[in-house]
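K.L.:
Before I ask anything, let me first share the structure, which is written out below as C-alpha cells.
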Amino acid sequence: MGTKVMKRVYLVLLFSFLYVPIAIMIAFSFNSEKSRTIFGGFSFRWYEQLFRDEMVLSALALSVFIAIVSAVLATLIGTMASVGINRMGRISRSVTLNISYIPILNPEIITGVSMMLLFVVAKNGLAGLAESDVGALAWLAKNLLGIPSLLITHITFNLPYVLFMVSPKLRQMDIRLYEAALDLGCNERQAFFKVVLPEIMPAIFSAFLICLTYSIDDFTISYFTAGNRQTLPIAIYAMTRRRVSPEINALSAIIFFVILAIILVANLRERRGAYKGGRILPAGK
Amino acid sequence: MAENPVVSLRNIAVDFGEEAVLQNLSLDILDKTFVTLLGPSGCGKTTTLRVIGGFLKPSMGKVYFDGQDITELPPYKRQVNTVFQKYALFPHLNVFENVAFGLRLKKLPEDEIRQSVLEMLELLGLKGFERRGSENLSGGQQQRVAIARALVNKPRVLLLDEPLGALDLKLRKEMQTELKRIQQALAITFVYVTHDQEEALTMSDTVVVMNQGEIQQIGTPEDIYNEPKNAFVADFIGESNLFDGRMPKDYLVEFAGTEWPCVDAGFTPNELVQVVVRPEDITVVPPIEGQVTGVVKSLVFKGVHWEMVVEQAGGEWLVQSTDASQPGDLIGMRLDPDEIHIMHRCEEASAHVQQE
Amino acid sequence: MYSRSKASASPYLIWMVLFTVLPLALVVYFAFTDQAGNPTLSNITALGGYAMVFVLSLALAAIATALCLVIAYPVSYLLSRLRAGQQGILLMLVMLPMWMNFLLRTYAWMSLLERNGLINRFLGLFGIGPFEMINTNGAIVLGMVYNFLPYMILPLYNAMLKIDKNVIEAAEDLGAGTLYKFSRVVLPLSKPGIRTGLIMVFVPSVSTFIISKMLGGGDTWLIGDLIEAQFLGNTYNYNLGSAMSLVLMVVVLLIMSVMGGFDSEDMEGVI
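Protein chains in written order, with our numbering: chain A, 1 to 285; chain B, 286 to 641; chain C, 642 to 912.
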C-alpha cells in the first residue's frame, strides 16, 4: 500500500515537473497583459501580433525551406549509402559507421564551430581565387554563409540518422525477397525498385520525418553557420534575449499543439500498422 | 522420361572464405524427373541449389543447361525458378500480384497475365484468394502461392529449397502428394532440397545423398534404402546396425563373431568391410535356431512393431519385430543373405564411383 | 548476390569526409596555430587561465547527470513493467515536451524562476521568500535536468524492457526482497542503459551555452559560453576557440571511454 502511494506521488511530481512550465506558458499566451506573472484577462492579442511579426514569419519560411530541401537530400544520399554499406566488407563498413557516429556523439557546439571554421576558410579561399567581384566564385564567396551553409550543415547532421534508420531495415529484410525477384526475371535494378524499395519505404519515410523535425528544431549548429540568416530557432533565441516578449508564449502554444496533433496522428497510424517508424527523440540540445 | 540431362553440374567447388562448402561436385539432372538433394544441414545441398539458380557463382566448375554453359548467367536469365525457404512472398503485393510478378516483367498483355495467374491459382487450390494480402495467409497457403508464383513462369526446372520445412506434419504429408501430382501434371523437372529422408524417399525419382559438400550416393529411393553405398548413407537413411567385418571369400562375410552367407562378391579376399543390417530385416527366433544369440536389454512399443536393443558378442543390435521379447530374455537372430549389405571401408572411393 | 552497388555509398562517404572529418581537422589545425597561421602551443597553454570554467562546467554537468539518473530510474522501471498499451501512452507523455524547441522549454523556466516570477509570487502568498533562484548555478542545473531528462529515461527504459519478466519473478520466487531484487537483478541488467543515459545527458550538459545564458543570467560562464564567445562573441579568437573545442572534445571522448564506450545497440530507439 505504501509503495503504491509513493508511486503515485512520484509520477504526479514527475509529470508536474515536465508539464507545469509548458502549461503556464500556454496559459500566459492568452494573457491580455504583457506581464509574465500577472494574468490580466483572456485575449488573442499575442497571437495576432505573432502573425504580423515579419521576423518570425520569414524565419519560419526559411526553416521550412531548409528543412524540406535538406531532408530530401539527406534521405536520398543516406538511403543510397544504406544500400552500399550493406554490401561492404566488415572493415569498410565499420569505418563508415564510425565516421557516422561523429556528428551524433560530438557535442553540437563542436559540430557547429567546426563547420563554421570550414565555411569561413572556404569563403576566404574562394574570395582569393575569384579574380574579380563578379562570377560564380565571387558570388559563392559572398553568399556561402547563409542558405548554402545552412543546407550543407543540416544535410550533414541528418545523414547519419538516415543511415542508422534505413540500413538496419535493409539488413533485416529477407535476402530471399531480393533473390526471388531476380529469380522471377528482374535484373538487379528492377529488383531493387520493385521489391527492396517498397520493403524499406516505411523506414525511409520515418527517416525523412526525423530529418524534417531535427532540421526545424536545430538551434546550436545553425547558430554558428547561418551567417546573417535567421531560422525559426534563431529568431526565438533573439526574442528570448529581448526578455519581455509574450509572443514567445503564443508561438510555444502553437508549436506544442501542432506537435501534439502530429504525434497523435502518427500514433493512431502506428496502431493501424501503417506507420512503422522507430521511437524517436528530437535532437534539440 | 527423356534421357538427356537438363541441368549438369561439372566439378563444382564453392567456398565461403576458408570453408569449402562444395568440393568437386558433378551431377546430372535428367529432364522431367523429381530429384531430391538429401543430407544433414550444412552438407551443401542448399548451396548446390543456389548454384543452379544462379544466386551463387561457384569458385570452380561449370553449370550447363541443355548443354549450354550458364555458369556466368544471372538468375533472371535462367529458365529456372525457385520456391524459397520460408516462401519469400512479396509482402507489399497481394496474392494475385505476387503470382503475376514474373509475367508482368515479361510485359505480357493484361488478359493473358490474368488468365495464366488464375489458372495457376486454380491448379494450387487458391481460387478466391487473389485479393488477399500475402501476410494474411496460413503457412500452407503461402507455400502454395510461392509455388504458383514460380510455376506460372513455366520454368523448365523448379528448384525447391526445403519448401515444407515450416509446415506441420499433416499439412506436410498433403503437400508431398500434391507436389508430386503437380510435377507429373506439368511434366517439368523438380530439384528438391530436404533433410527429411522420408520426404525424399516418398516423392523422388532420384535421390542424391550429400554430406560435407560431397555426393555420397545417387539412386532411386529403393536403391538408396536397400543398397546404401557407405556407412554415412546407411546411417542417414532409416535406422541401421553397422558392424565392422571381413570378407574371407565371395558370398561369405564375417562379423559379430560369426560367419554369414551373403550375396556380395568381388571383394579382395579378407578385405575389411562395413556391414549394414536394417533392424526390420532381422528375424527373431528361439535361441537354438539363431545364427547368433543375444540378450534383450530394452523393449519399446513403436505402434506397428516393437523395438528392442539386443546385446550380443559383436555389440548392440537394434531389432524391430512384431513380437515382443521381455528384457532379460535370450533370443536368437537370423538374417537372409540378401538382407546383409556390405560396403567397402573407404567411404570416399564409393562416393567418387557414384559421380561418374 | 551480384553486388556492384557498393559505390552507392560513395556520395555519403565523400560528404561525411568533407563536412565532418575535414572540419574537425580544421579545429585541430586552428588550435595549434596562431592568427598568422604559424604553429604554436600558446592557445593550449592559455587555457590554464580558464581552468575554473572547465571545473565548474564539469561539476554542474555531473550534478545534473546524477540528478537525471536518480529521477529517471524509477520512472523507467515503472514504464518497462506496464502493459504494452499503457507503456506507449506514458512514454509518449514523457517524450512530448522534448518535441518543443529547447529554447522555448528553457524560456518557460525563466518566467517561473524570476525574482518576481510565479514561484516567488506563489511562495509569497504564504509569506515565504522571495528567493534568488534565477541567475544561480542551481537554476542552470535545473535547466539541464529539465531539458535532458528524457535522454536518460529512454535508454534506461530500453535496457529495462529487455529484462525478462520471468527473471524478476524468479528473483522474487527465490525470496529476494525489493532492495535485493534491485541491487542484484535489475541494476546489473540495466547497466548498459545507465551507461548510455549518463553519456547522453552529460555530453549536452557539459557543452551547453544556452542554458547558462538564459538561466544563469550570463554571469556564470561555462565551456560552451567560452567557445561561443571566441567564434561569435566580442572576443573573437578562432584559434583559442579551437583549442577550447579540442579540449572539450577530448574530455567528452575520455568520459565515453571511461564509461566503457558507446555500444551501438544501446542507441536503439534513441535515434
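Ideal placement from N, C-alpha and C gives every residue a C-beta, glycine not left out.
Between A:Gln-190 and chain B, is there a C-beta pair that is closer than 8 angstroms?
P.N.:
Start at 1 with the first residue of the first sequence, and residue 190 of chain A comes out as number 190. Yes, A:Gln-190 counts as interfacial toward chain B.
K.L.:
Buried or exposed for B:Val-306, please, with buried defined as at least 16 other CB atoms from any protein chain shown within 10 angstroms of its CB.
P.N.:
Within the second sequence, residue 306 of chain B is the residue found at index 21, counting from 1. By the neighbour-count rule (16 or more Cβ atoms within 10 Å), B:Val-306 is buried.
K.L.:
Under the assumption that B:Ala-435 contacts B:Leu-443 (Cβ atoms under 8 angstroms), give the Cβ distance between them as a whole number of angstroms.
P.N.:
Walking along the second sequence from the start, residue 435 of chain B turns up at place 150. Walking along the second sequence from the start, residue 443 of chain B turns up at place 158. Confirmed, Cβ separation roughly 6 angstroms.
K.L.:
Quick test of the definition: if touching needs 3 or more C-beta pairs under 8 angstroms, does the segment 425 to 439 of chain B touch the segment 356 to 373 of chain B?
P.N.:
Touching, yes, given that three or more Cβ pairs across the two stretches are closer than 8 angstroms.
K.L.:
Identify, in the order they occur along the chain, each residue of the same chain with its Cβ nearer than 7 angstroms to the Cβ of B:Asp-351, setting aside the five sequence neighbours on each side.
P.N.:
Walking along the second sequence from the start, residue 351 of chain B turns up at place 66. The residues are Val-291.
K.L.:
Rounded to a whole number of angstroms, what is the C-alpha to C-alpha distance between C:Glu-773 and C:Lys-854?
P.N.:
Indexing the third sequence from 1 puts residue 773 of chain C at position 132. Indexing the third sequence from 1 puts residue 854 of chain C at position 213. Cα-Cα distance, rounded: 17 angstroms.
K.L.:
Can C:Gly-775 and C:Met-751 be called in contact, C-beta distance under 8 angstroms?
P.N.:
Locating residue 775 of chain C in the third sequence gives position 134, counting from the first residue. Locating residue 751 of chain C in the third sequence gives position 110, counting from the first residue. It is worth fixing the name first, because residue 775 of chain C is Ile in this sequence and not Gly. Yes, the pair counts as a contact, with Cβ atoms nearer than the cut-off.
K.L.:
Looking at the unbroken beta strand (DSSP E) that takes in B:His-629, where does it start and where does it end?
P.N.:
To locate residue 629 of chain B, count along the second sequence from 1; it is residue 344. Here the beta strand (DSSP E) through B:His-629 covers 626 to 629.
K.L.:
Judging by CA-CA distance, which residue of C:Leu-894, C:Leu-759, C:Gly-857 is the nearest neighbour of A:Ala-23?
P.N.:
As a working note, residue 23 of chain A is residue 23 in the first sequence. Out of C:Leu-894, C:Leu-759, C:Gly-857, C:Leu-759 has the C-alpha closest to the C-alpha of A:Ala-23.
K.L.:
How would you call C:Met-914, buried or exposed, if buried means at least 16 neighbouring beta carbons within 10 angstroms?
P.N.:
Coverage of chain C is limited to positions 642 through 912, which leaves residue 914 of chain C absent and any answer about it impossible.
K.L.:
Classify B:Arg-619 as helix, strand or coil using the three-state DSSP reduction.
P.N.:
Here residue 619 of chain B refers to the residue found at position 334 of the second sequence. Looking at B:Arg-619 - three-state DSSP - the assignment turns out to be strand.
K.L.:
Would DSSP call B:Leu-315 helix, strand or coil?
P.N.:
For this step, residue 315 of chain B is matched to residue 30 along the second sequence. B:Leu-315: strand per DSSP, three-state reduction.
K.L.:
Please identify, using Cβ separations under 8 angstroms, the residues of the segment 430 to 455 of chain B that lie next to chain A, in order along the chain.
P.N.:
So the close ones are Arg-434, Ala-435, Asn-438.
K.L.:
Between which two residues does the beta strand (DSSP E) carrying B:Tyr-477 extend?
P.N.:
Along the second sequence, one-based indexing puts residue 477 of chain B at 192. 474 to 479 is the extent of the beta strand (DSSP E) around B:Tyr-477.
K.L.:
Cα-Cα, which of B:Glu-303, B:Glu-407, B:Tyr-477 is closest to B:Leu-323?
P.N.:
Here residue 323 of chain B refers to the residue found at position 38 when the second sequence is read from its first residue. Taking only the C-alpha atoms, the option nearest B:Leu-323 is B:Tyr-477.
K.L.:
Give every residue of the same chain whose Cβ lies closer than 6 angstroms to the Cβ of A:Gly-277, excluding the five residues on either side of it in the sequence, and list them in chain order.
P.N.:
Translated into positions along the first sequence, residue 277 of chain A becomes position 277. Note that A:Gly-277 has pLDDT 37, beneath the 50 cutoff, so the model's placement of it is unreliable and the number below is only indicative. Excluding positions up to five away in sequence, the list reads Ser-206.
K.L.:
Pick from C:Trp-740, C:Met-801, C:Leu-856: whose alpha carbon is nearest that of A:Leu-264?
P.N.:
Locating residue 264 of chain A in the first sequence gives position 264, where the first residue counts as 1. The residue with the shortest Cα to Cα distance from A:Leu-264 is C:Trp-740.
K.L.:
Who are the neighbours of A:Ile-263 on chain C, taking C-beta pairs under 8 angstroms?
P.N.:
Taking the first residue of the first sequence as position 1, residue 263 of chain A is located at position 263. Chain C residues near A:Ile-263: Met-733, Leu-737, Trp-740.
K.L.:
Helix or strand or just coil, what does DSSP make of A:Thr-225?
P.N.:
Walking along the first sequence from the start, residue 225 of chain A turns up at place 225. Helix.
K.L.:
Measure from the C-beta of C:Leu-889 to each C-beta in chain A and report whether the shortest distance is under 8 angstroms.
P.N.:
As a position in the third sequence, residue 889 of chain C is number 248, starting the count at 1. Yes, because at least one Cβ of chain A sits closer than 8 angstroms to the Cβ of C:Leu-889.
K.L.:
Counting only C-beta atoms, is B:Ala-598 closer than 8 angstroms to chain A at any point?
P.N.:
By one-based count along the second sequence, residue 598 of chain B stands at place 313. So no, B:Ala-598 is outside the interface.
K.L.:
Please report the Cβ distance between B:Met-405 and B:Val-384, rounded to the nearest whole angstrom; I am assuming they are in contact, meaning their Cβ atoms lie under 8 angstroms.
P.N.:
On the second sequence, residue 405 of chain B is found 120 positions in, with the first residue counted as 1. On the second sequence, residue 384 of chain B is found 99 positions in, with the first residue counted as 1. At roughly 6 angstroms, the Cβ-Cβ gap stays under 8 angstroms, so B:Met-405 and B:Val-384 are in contact.
K.L.:
Taking Cβ-Cβ distances shorter than 8 angstroms, what residues in chain A pair up with B:Gln-370?
P.N.:
Position 85 of the second sequence, counted from the first residue, corresponds to residue 370 of chain B. Residues of chain A passing the Cβ test: Arg-176.
K.L.:
Of the choices A:Val-113, A:Val-120, A:Pro-148, A:Asn-31, whose alpha-carbon is the least far from that of A:Gly-40?
P.N.:
For the purposes of this step, residue 40 of chain A is identified with residue 40 of the first sequence, where counting begins at 1. Of A:Val-113, A:Val-120, A:Pro-148, A:Asn-31, the residue nearest in Cα terms is A:Asn-31.
K.L.:
Buried or exposed for A:Met-55, please, with buried defined as at least 16 other CB atoms from any protein chain shown within 10 angstroms of its CB.
P.N.:
Residue 55 of chain A sits at position 55 when you count from the first residue of the first sequence. A:Met-55 should be labelled exposed.
K.L.:
Against B:Thr-367, what residues of chain A qualify as contacts under a CB-to-CB distance less than 8 angstroms, listed in chain order?
P.N.:
Taking the first residue of the second sequence as position 1, residue 367 of chain B is located at position 82. Neighbours of B:Thr-367 on chain A, chain order: Glu-179, Ala-180, Asp-183.
K.L.:
What residue does the alpha helix (DSSP H) around C:Tyr-798 start on, and which one ends it?
P.N.:
Within the third sequence, numbered from 1, the residue matching residue 798 of chain C stands at position 157. From DSSP, the alpha helix (DSSP H) with C:Tyr-798 extends over 778 to 802.
K.L.:
Measuring CB to CB, does A:Leu-129 end up less than 8 angstroms from A:Leu-137?
P.N.:
Translated into positions along the first sequence, residue 129 of chain A becomes position 129. Translated into positions along the first sequence, residue 137 of chain A becomes position 137. Cβ distance < 8 angstroms, so A:Leu-129 and A:Leu-137 count as in contact.
K.L.:
What is the residue span of the alpha helix (DSSP H) that A:Lys-123 lies within?
P.N.:
The residue labelled residue 123 of chain A in the question sits at position 123 within the first sequence. Note, A:Lys-123: alpha helix (DSSP H), 108 to 129.
K.L.:
My output table needs one value for C:Thr-706: the three-state DSSP class, helix, strand or coil.
P.N.:
On the third sequence, residue 706 of chain C is found 65 positions in, with the first residue counted as 1. Residue state, collapsed to three classes: helix.
K.L.:
Cβ of C:Thr-747 within 8 angstroms of Cβ of C:Ile-852?
P.N.:
Counted from its first residue, the third sequence places residue 747 of chain C at position 106. Counted from its first residue, the third sequence places residue 852 of chain C at position 211. Closer than 8 angstroms, so yes.
K.L.:
Can you look up B:Thr-321 in the DSSP assignment and give me helix, strand or coil?
P.N.:
Here residue 321 of chain B refers to the residue found at position 36 when the second sequence is read from its first residue. Strand at B:Thr-321.
K.L.:
Smallest Cα separation from A:Ile-255: which of C:Thr-837, C:Leu-766, C:Leu-737?
P.N.:
Here residue 255 of chain A is taken as the residue at index 255 of the first sequence, counted from 1. Minimum Cα distance to A:Ile-255 is reached at C:Leu-737.
K.L.:
Against chain C, with Cβ distances strictly below 8 angstroms, would A:Lys-4 count as a contact?
P.N.:
Walking along the first sequence from the start, residue 4 of chain A turns up at place 4. No, its Cβ sits nowhere closer than 8 angstroms to a Cβ of chain C.
K.L.:
Reducing DSSP to helix, strand and coil, say where B:Asp-529 ends up.
P.N.:
Position 244 of the second sequence, counted from the start, is the residue given in the question as residue 529 of chain B. Residue state, collapsed to three classes: strand.
K.L.:
Cβ atoms of A:Trp-46 and A:Pro-233: under 8 angstroms apart, would you say?
P.N.:
Within the first sequence, residue 233 of chain A is the residue found at index 233, counting from 1. Within the first sequence, residue 46 of chain A is the residue found at index 46, counting from 1. Going by C-beta atoms, A:Pro-233 is not nearer than 8 angstroms to A:Trp-46.
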